[in-house]
Amino acid sequence: MTTKSSTWLKALAREGSGAIITPVLGIIFGFAIAALFIWQQGKDPVQAYQELFLGAFGDLDSFTFTLLRFIPLAFTGLAVTLAYRGGVFNIGAEGQLYVAALASTWVGVSMPGLPAFIHLPLALLAGMAAGALFAFIPGYLKATRDFNEILITILMNYVGIYLVGLAVNNFLMEAGQTAPQSALVARSAWLPVIIPGTFLHAGLILVFIFALLIYYILWHTTWGYEIRSVGTNREAARYGGIKVNLVMILTMTASGALASFAGSSEILGVQHRLLENFLVGYGYDAIAVALLGGLHPFGTLLAALFFGALRNGANSMQISVGVPVSIVYIIQALAVMSIIGATAARKVYLQAWFKGVRANGSHPGRN
Amino acid sequence: MAAILAAISTLDFLIASLRMTTPLLLAAIGDIYAERTGVLNIGLESMMLIGAFGSFILAYYSGNAYTGLLAAIILGLIMGLLHAFFTVTLRCDQVITAVGENILALGITSTLYRTIFGVVTKQPESPGLPQLSIPFLGKAPILGPLLFDHTLLTYIALLMVPITYVILYRTTWGLKIRAVGEHPRAADTVGINVYLIRYVCIVISGILASLGGASLTVGGLRYFLDNMTAGRGFIAFAAVIFGRYNPIGAFIATLLFGITDAFQLRMQAMGIPIPHHIFLMLPYVVTLAALIFLAGPSFVPRAQGIPYVRDER
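In order, the protein sequences belong to chains C and Z. Throughout, the numbering used here is defined as the position within the first sequence, counted from one, plus 7. Throughout, the numbering used here is defined as the position within the second sequence, counted from one, plus 2.
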């Protein structure tokens, strides 16, 4: 408890109170504008938001479902955070989690009879390898041939999504079925449930382990120092003797491995079989999550919880009040845009005012 | 195999390819202006989606497809101003801004569509842009139907290629655009208004991308689907890089994608015993392969992605 709160305090001190206040204001702004949309539909925004909140946190069931949404968002958010700290943009978490789910399902389905302590790690590792490979390609092209990693990862997202479609319609299709879905993953590869009577699986524990690990690596190891140096100023890092290309490739690959857990844990922990479009938009939301979380692993967890609650609560809101689920995209987007807008405005106007450090934008040091 | 060859060697196939190229070409040509001034516009996707939705709604209510185009132009202008304000004035990260815009466009269009039409069993249809056959030329064999019998948007897209080429390489304005993208500080020193050039070019990009979106609804399907742009904004962005920020290069790149898209549709319709997901994947794989193996060392405007800060004195 004491160690945890002290890390929080340190994080707060490092990032400044703006890291807390700006996101909160951004979220409030997002809700306020979305309220106008709801009101314009002739619905009561207060009632809608009440349903949203109850749907997300109302009872143990709702809360576990929020946590189940939180897990993949946290993994992809952490993946984006790590990559961003190393100066590469990973917009490919979506594709990475899809191929990871594909690999995990394949191991889970095709090797029945293995003991659980081998089968489960093997399935997770297969997913990790697939996700890592999918991120390695843009990372390698970026580092060695200066390809735009944003573009490559976005295009690869579509490839990953269609690969899953291809798999569940062909070689992974359940025997004797016409519906595009894989067979059930063998029980020995299921992630264990951690609270009996709910669906909450061990992926939740993995999330916290990885968040701590990333925090530790980034701020307490040489490798983390190198990642952050490359992310802050590539030229200076190179001058300082850091193998920039290698660090970039490794960061991107690690980021893909992290994103893989979003897909693997969803399959092995929740759905137990692969379906087309089984987890839509989590890779793109990850960017918003990472940003809202101040590009810090612990902040990312908080932001992922918020997004998970939004996603889960929006369903109840749609059912009971009739407000479309897509309204949460508006809330998310407005929160993101007001955060970057407010942060940038503070930099541009306040710093110019004090004639202190010249504003340089929030540019992560690309090119 | 013979059936496939027969299917793609028809005139219909070439016309379909050109139709699939139109939205991409419009977005890509617009993006060249923005990229040449050094501002990344990965928000093309949002601009296309907003344009597709706005033109559909206005055409639906007015009963006139051209009103839809007007709506697309105005919405594209607004989206362009938004992107310019964030990236040029506020100097925000150009990628994150675009990600925000893309989510925003998806949210707004999906939400409004449901608000306006509710849950419908039959897709509401808007009027579509008529085919404009050009007198004399439209009657020519082969070339007539291929080049001179299209909707207004296809003509605009095709005309924008030479126009943009001339503007970029033969006018002072083009010189200014390129100067701003290569060395904004030097451009500023010789009295070019860096901010103004960037604003104008991003707005042009927004308008053309929005028209590209309109070509999907009023210029194509005549109805609207959630997230119907399906990554075309990103493909257009890829085409610009692949085409080395040059309108002719971008045209070739988008045409490549349009042909692949028309090909995959044709193959799906023919019921070839190859899983249709392979065809769905094809345009993206072809773009990726083309980028990696054909594009070679990338040419990038030197100031790309870097916000310009004018010295305050």
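Using N, Cα and C, we set each Cβ at its ideal position, and we do this for glycine too. It should be emphasised that the depicted structure is a prediction, and the values quoted were computed from it without experimental measurement.
At least three beta-carbon pairs within less than 8 Å, the region 166–177 of chain Z to the region 283–294 of chain Z: no
G102(C) vs M180(C) beta-carbon contact at 7 Å: Taking the first sequence and counting its residues from 1, the one referred to as residue 102(C) is at position 95. Taking the first sequence and counting its residues from 1, the one referred to as residue 180(C) is at position 173. The answer is no: Cβ separation not under 7 Å.
Nearest candidate by alpha-carbon position, reference I28(C), set K354(C), H279(C) and T350(C): The residue labelled residue 28(C) in the question sits at position 21 within the first sequence. That would be T350(C), whose Cα lies nearest to the Cα of I28(C).
L275(C) beta carbon less than 7 Å from that of A196(C): In the first sequence, the residue the question calls residue 196(C) occupies position 189. In the first sequence, the residue the question calls residue 275(C) occupies position 268. Yes, the Cβ-Cβ distance between A196(C) and L275(C) is below 7 Å.
A244(C) versus K50(C): straight-line alpha-carbon distance, rounded: As a first step, residue 244(C) is located in the first sequence; it is residue number 237 there, counting from the start. As a first step, residue 50(C) is located in the first sequence; it is residue number 43 there, counting from the start. So the two alpha carbons sit approximately 55 Å from each other.
Listed by chain order, chain Z residues near G172(C) by CB distance under 8 Å: One-based indexing of the first sequence puts residue 172(C) at position 165. By Cβ distance, chain Z contributes H279 and L282.
N-terminal and C-terminal residue of the alpha helix (DSSP H) that G251(Z) is part of: In the second sequence, residue 251(Z) corresponds to position 249, counting from 1. Taken as a continuous stretch (DSSP letters only), the alpha helix (DSSP H) holding G251(Z) covers P249 to M272.
Residue of T24(Z), S19(Z), L257(Z) and I76(Z) minimising C-alpha distance to M49(Z): Taking the second sequence and counting its residues from 1, the one referred to as residue 49(Z) is at position 47. Checked all of T24(Z), S19(Z), L257(Z) and I76(Z); the closest Cα to M49(Z) is I76(Z).
Identity of the residue in V355(C), Y356(C) and M344(C) nearest V31(C) by Cα: The count along the first sequence starts at 1 and reaches residue 31(C) at position 24. The residue with the shortest Cα to Cα distance from V31(C) is M344(C).
Proximity winner among S327(C), I234(C), I294(C) and Y169(C), relative to G94(C) (alpha-carbon distances): The count along the first sequence starts at 1 and reaches residue 94(C) at position 87. Cα-wise, what sits closest to G94(C) is I234(C).
8 Å Cβ shell around L207(C) - same chain, five flanking residues per side excluded: For the purposes of this step, residue 207(C) is taken as the residue at position 200 of the first sequence. Excluding positions up to five away in sequence, the list reads T71, L74, L75, V200 and I201.
Three-state secondary structure (DSSP) of D68(C): Translated into positions along the first sequence, residue 68(C) becomes position 61. Looking at D68(C) - three-state DSSP - the assignment turns out to be helix.
Helix, strand or coil at T12(Z) according to DSSP, with G and I counted as helix: Translated into the one-based positions of the second sequence, residue 12(Z) becomes position 10. Note: T12(Z) maps to coil in three-state DSSP.
Nearest neighbour of P126(Z), chosen from G183(Z), F55(Z) and A271(Z) [CA to CA]: To locate residue 126(Z), count along the second sequence from 1; it is residue 124. Minimum Cα distance to P126(Z) is reached at F55(Z).
Positions along the region 37–63 of chain C whose CB lies within less than 9 Å of some CB in chain Z: A41, F44, Q47 and Q48
Min CB distance P145(C) to chain Z below 7 Å: Counted from its first residue, the first sequence places residue 145(C) at position 138. Output row for P145(C): interface = no.
For L106(Z), the nearest candidate out of R353(C), G134(C), D292(C) and T205(C) (CA to CA): As a first step, residue 106(Z) must be located in the second sequence, where it is residue number 104. Of the candidates R353(C), G134(C), D292(C) and T205(C), the one whose C-alpha sits nearest the C-alpha of L106(Z) is D292(C).
Cβ-Cβ distance between S262(C) and A142(C) below 7 Å: Within the first sequence, numbered from 1, the residue matching residue 262(C) stands at position 255. Within the first sequence, numbered from 1, the residue matching residue 142(C) stands at position 135. Result yes, Cβ atoms of S262(C) and A142(C) sit closer than 7 Å.
First through last residue of the alpha helix (DSSP H) which encompasses N43(Z): Residue mapping note: residue 43(Z) aligns to position 41 of the second sequence, counting from 1. Careful: N43(Z) lies outside any alpha helix (DSSP H) and carries neither H nor E.
Members of the region 211–245 of chain Z that neighbour chain C once the beta carbon cut-off is set at 7 Å: G233, F236, F239, A240 and I243
Under the three-state DSSP convention, the category M180(C) falls into: Here residue 180(C) is taken as the residue at index 173 of the first sequence, counted from 1. Three-state DSSP puts M180(C) in a strand.
Euclidean distance between Cα positions of G300(C) and S57(Z): For the purposes of this step, residue 300(C) is taken as residue 293 along the first sequence, with counting starting at 1. For the purposes of this step, residue 57(Z) is taken as residue 55 along the second sequence, with counting starting at 1. Rounded to whole angstroms, G300(C) to S57(Z) spans 36 Å at the Cα level.
Residues bridged to D151(Z) [DSSP beta-bridge criterion]: As a working note, residue 151(Z) is residue 149 in the second sequence. S135(Z).
Continuous alpha helix (DSSP H) stretch holding M135(C): start and end: Indexing the first sequence from 1 puts residue 135(C) at position 128. That run of the alpha helix (DSSP H) goes A123 to R152.
G37(C) beta carbon less than 7 Å from that of L341(C): For this step, residue 341(C) is matched to residue 334 along the first sequence. For this step, residue 37(C) is matched to residue 30 along the first sequence. A contact, by the Cβ cut-off of 7 Å.
Contact set between the region 80–113 of chain Z and chain C, restricted to residues whose Cβ is under 7 Å from the partner: F88, L92, R93, C94, D95, V97, I98, T99, V101, G102, I105, L106, L108, G109, I110, S112 and T113
Any chain C beta carbon closer than 7 Å to Y68(Z): Here residue 68(Z) is taken as the residue at index 66 of the second sequence, counted from 1. Not closer than 7 Å to any Cβ of chain C, the Cβ of Y68(Z) fails to qualify, so no.
Three-state secondary structure (DSSP) of H278(Z): Here the question's residue 278(Z) lines up with position 276 in the second sequence. Note: H278(Z) maps to helix in three-state DSSP.
Inter-residue Cα distance where the pair is E103(Z) and P128(C): By one-based count along the second sequence, residue 103(Z) stands at place 101. By one-based count along the first sequence, residue 128(C) stands at place 121. Rounded to the nearest angstrom, the two C-alpha atoms are 39 Å apart.
CB contact below 7 Å: I334(C) versus chain Z: Sequence index remark: in the first sequence, residue 334(C) carries index 327 (1-based). By this cut-off, I334(C) is an interface position.
Candidates T23(Z), L7(Z) and I276(Z): closest to L149(Z) by CA position: Stepping through the second sequence from its first residue, residue 149(Z) is reached at position 147. The shortest C-alpha separation from L149(Z) is found at T23(Z).
Beta carbon of V87(C) nearer than 7 Å to that of N97(C): Your numbering for residue 87(C) matches position 80 in the first sequence. Your numbering for residue 97(C) matches position 90 in the first sequence. Result yes, Cβ atoms of V87(C) and N97(C) sit closer than 7 Å.
Alpha carbon of V242(Z) to alpha carbon of D263(Z), nearest angstrom: Here residue 242(Z) is taken as the residue at index 240 of the second sequence, counted from 1. Here residue 263(Z) is taken as the residue at index 261 of the second sequence, counted from 1. Cα to Cα, the separation comes out at about 18 Å.
Alpha-carbon to alpha-carbon, G53(Z) and S112(Z): If you number the second sequence from 1, residue 112(Z) lands on position 110. If you number the second sequence from 1, residue 53(Z) lands on position 51. Cα to Cα, the separation comes out at about 13 Å.
Minimum length 4: unbroken alpha helix (DSSP H) runs contained in the region 81–121 of chain Z: 96–119
Min CB distance Y169(C) to chain Z below 7 Å: Within the first sequence, numbered from 1, the residue matching residue 169(C) stands at position 162. Judged by the 7 Å Cβ criterion, Y169(C) is in contact with chain Z.
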